[in-house]
Amino acid sequence: MTAKQWRDKNNDLKGNIRDYASINELICLSNMENINAVLINDSIPQKERLIKLNGIAIQQMSILGEAENKKFLK
84 MTAKQWRDKN NDLKGNIRDY ASINELICLS NMENINAVLI NDSIPQKERL
134 IKLNGIAIQQ MSILGEAENK KFLK
């Protein structure tokens with residue numbers, strides 16, 4: 084969701100979306116920002132970048148979630 088969508092949905096909360104994100108979400112977001120910069124540098128159109136970034140974000144969140152679950156099972 085965009086920052087504006089988050090603010091509209093959570094208008095009772097102060098701060099921004101990052102203030103309420105989990106560590107896994109923050110890691111993923113940082114990775115997406117870096118990957119997006121690389122894709123921009125490679126002149127990938129915005130629509131194509133969004134599709135790629137969405138797929139990568141889903142994959143990363145899945146992997147980070149699995150790692151967290153394994154940590155709690157030990």
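Going by our numbering, the first residue of the sequence shown is number 84, and it counts up by one from there. Even glycine gets a Cβ: it sits at the ideal position worked out from N, Cα and C.
- Per DSSP, reduced to three states, the secondary structure at G98 is coil, with no helix or strand assignment.
- Residue state for I127 is assigned as coil, using DSSP reduced to three classes.
- Taking C-beta separations shorter than 7 Å and ignoring five residues to either side along the sequence, the partners of I110 in its chain run L147, following chain order.
- Sequence-distant partners of L96 (beyond 5 residues in either direction) whose C-beta falls short of 7 Å from its own C-beta, in its chain, are Y103.
- Under the three-state reduction of DSSP output, M144 falls in the helix class.
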